[in-house]
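Asks: Numbering (our numbering), first residue to last: 200 to 610.
Ideal placement from N, C-alpha and C gives every residue a C-beta, glycine not left out.
Being a predicted model, the structure only gives us computed values, none of them experimental.
Encoded as structure tokens, here's the structure I'll be asking about.
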């Protein structure tokens, strides 16, 4: 047993948050059992800080607080083993104590079992006393020692509960701060993108007018430069549009049951011209489920992934996209597999970073801005899911993401 130092007792007891609080019913029950084991009328759970003894649970009398210098258990907590005294008047350690002499009480029988936590700290005692002289057996002493362990278990459970509540509160505050930060960032990105659209639209308009001026049309080099500037401006306009989209997704979600098959059917209808223009095809390999999601944002994920598959296709074969779903450990795993040019393994780690382009040199001339996969990740993460990349057998990229399987009940 490690005896606690006087100076550290207040700090030692603080995590239990029990001093000055209403009695714990479990501790009062233990005090009652302790008294009945000994056949005594009174028992108490004492915790001692630097200056006082606190009766945090009692049986047979009302709880109170006394000066540590008057407490019989102020001596017991520094002893190496439990104390069993038939008549305290005959024990020189307590014969002059005010709880024995009649100043505060008339204790005769006194039993004090130390409360030792897992760190070896003596928090206090489980104390049984009587105004009558009394003997107890070895079996009764063993039972009191077991009860003392139960007292410590109750106290530790209380400490852990308060620590868990504090940790949850800290996490909640951090989450709220992160939400505010994300909202501010999204608002900033949206505002900047919006502020850029209008002047850029003017630039595009002037360049378009310039490209139709006779002198420019008649001069091949001037016409080429104008067309390059116009194309670059259009790409910038597209990127700003995507930034606006990125700023608006992944934040506030409206969860509802979303039938993926119906969502995909509507999406392929809307993309039919783009699919047909490159000779592409889309197949569903498994029956797609109904998931709990934000319909608009989930559509944005699938549209981004299908558009990428059509964009980053191999020139040697028609693009094909295969979509499948499987239930794994209570989570839906959705796969969107293409047969395109693929993403090199050494570039996959940054694939979902904003403004990152990760395809190899063969894709240099393919229009792209590195926002699509970042948008997908933001949406999937907001749904509580994960997203990643894998190889498609035969060549290409498979983008997989997860969604919770439970579907909310309809009102």
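Three-state secondary structure (DSSP) at residue 293?
Replies: Counting from 1 along the chain shown, the entry for residue 293 is found at position 94. Residue 293: coil per DSSP, three-state reduction.
Asks: For residue 455, does the three-state DSSP call read helix, strand or coil?
Replies: Looking up residue 455 in the chain shown gives position 256. Residue state, collapsed to three classes: strand.
Asks: What first and last residue would you give for the alpha helix (DSSP H) that runs through residue 501?
Replies: To locate residue 501, count along the chain shown from 1; it is residue 302. Taken as a continuous stretch (DSSP letters only), the alpha helix (DSSP H) holding residue 501 covers 494-510.
Asks: Between residue 278 and residue 313, is the Cβ-Cβ spacing less than 9 Å?
Replies: On the chain shown, residue 278 is found 79 positions in, with the first residue counted as 1. On the chain shown, residue 313 is found 114 positions in, with the first residue counted as 1. The answer is yes: Cβ separation under 9 Å.
Asks: Between the stretch 293-310 and the stretch 325-344, do at least 3 Cβ pairs fall closer than 8 Å?
Replies: Taking 8 Å as the limit for Cβ pairs, the verdict is that the stretch 325-344 does touch the stretch 293-310.
Asks: Excluding the 5 residues flanking residue 400 on each side, which residues of the same chain have their C-beta closer than 8 Å to its C-beta?
Replies: Start at 1 with the first residue of the chain shown, and residue 400 comes out as number 201. Excluding positions up to five away in sequence, the list reads 436.
Asks: Just the C-alpha distance for residue 600 and residue 583, rounded to the nearest angstrom, thanks.
Replies: The sequence position of residue 600 within the chain shown is 401, counting from 1. The sequence position of residue 583 within the chain shown is 384, counting from 1. One C-alpha to the other measures close to 10 Å.
Asks: Please report the Cβ distance between residue 233 and residue 240, rounded to the nearest whole angstrom; I am assuming they are in contact, meaning their Cβ atoms lie under 8 Å.
Replies: Looking up residue 233 in the chain shown gives position 34. Looking up residue 240 in the chain shown gives position 41. So it is not a contact: roughly 12 Å between Cβ atoms.
Asks: Could you check the C-alpha separation between residue 413 and residue 423 for me, to the nearest Å?
Replies: If you number the chain shown from 1, residue 413 lands on position 214. If you number the chain shown from 1, residue 423 lands on position 224. C-alpha separation (whole angstroms): 14 Å.
Asks: Buried or exposed, going by whether 16 or more other CB atoms sit within 10 Å of the CB of residue 577?
Replies: Translated into positions along the chain shown, residue 577 becomes position 378. Buried, because 16 or more other Cβ atoms sit within 10 Å of the Cβ of residue 577.
Asks: May I ask which residues mark the beginning and end of the alpha helix (DSSP H) holding residue 543?
Replies: On the chain shown, position 344 is the one that residue 543 refers to. Unbroken run through residue 543: none, as it is neither H nor E.
Asks: With a 10 Å radius around its C-beta and 16 neighbouring C-beta atoms as the bar for buried, classify residue 260 as buried or exposed.
Replies: Along the chain shown, read from residue 1 onward, the residue named residue 260 stands at position 61. Residue 260 should be labelled exposed.
Asks: Can you check which of these residues, 552, 262, 428 and 499, is closest to residue 463 by C-alpha distance?
Replies: Translated into the one-based positions of the chain shown, residue 463 becomes position 264. When only C-alpha atoms are compared, the closest one is 499.
Asks: Within this structure, are the beta carbons of residue 627 and residue 482 separated by less than 9 Å?
Replies: Past the edges of the chain, shown from 200 to 610, lies residue 627, and the structure says nothing about it.
Asks: Whole angstroms is fine: what's the gap from residue 496's alpha carbon to residue 210's?
Replies: The residue labelled residue 496 in the question sits at position 297 within the chain shown. The residue labelled residue 210 in the question sits at position 11 within the chain shown. Each residue's alpha carbon lies about 51 Å from the other.
Asks: Considering only the beta carbon of each residue, do residue 246 and residue 217 sit closer than 9 Å?
Replies: Indexing the chain shown from 1 puts residue 246 at position 47. Indexing the chain shown from 1 puts residue 217 at position 18. Result yes, Cβ atoms of residue 246 and residue 217 sit closer than 9 Å.
Asks: If you run the structure through DSSP and keep just helix, strand and coil, what is residue 610?
Replies: Sequence index remark: in the chain shown, residue 610 carries index 411 (1-based). Any reading at residue 610 must be qualified, since the residue scores a pLDDT of 36, below 50, and its modelled position is unreliable; the value itself is stated next. It is coil, neither helix nor strand.
Asks: State whether the stretch 286-299 contacts the stretch 257-275, with contact taken as three or more CB pairs (one from each stretch) at a distance under 8 Å.
Replies: Yes: the two stretches touch, three or more of their Cβ pairs being nearer than 8 Å.
Asks: Does the distance from the CB of residue 539 to the CB of residue 587 come in under 9 Å?
Replies: To locate residue 539, count along the chain shown from 1; it is residue 340. To locate residue 587, count along the chain shown from 1; it is residue 388. The answer is no: Cβ separation not under 9 Å.
Asks: What does the alpha-carbon distance come out to for the pair residue 212 and residue 529?
Replies: Mapped onto the chain shown, residue 212 falls at position 13. Mapped onto the chain shown, residue 529 falls at position 330. If I take the Cα positions, the gap works out to 43 Å.
Asks: Would the beta-carbon of residue 269 fall within 9 Å of that of residue 208?
Replies: Within the chain shown, the letter at position 70 stands for residue 269. Within the chain shown, the letter at position 9 stands for residue 208. No, the pair does not count as a contact, with Cβ atoms beyond the cut-off.
Asks: Is the beta carbon of residue 420 within less than 8 Å of some heavy atom of the ligand PLP?
Replies: You won't find the ligand PLP in this model; it holds no ligand whatsoever.
Asks: At which residues does the alpha helix (DSSP H) containing residue 471 begin and terminate?
Replies: Indexing the chain shown from 1 puts residue 471 at position 272. Residue 471 -> alpha helix (DSSP H) spans 471-476.
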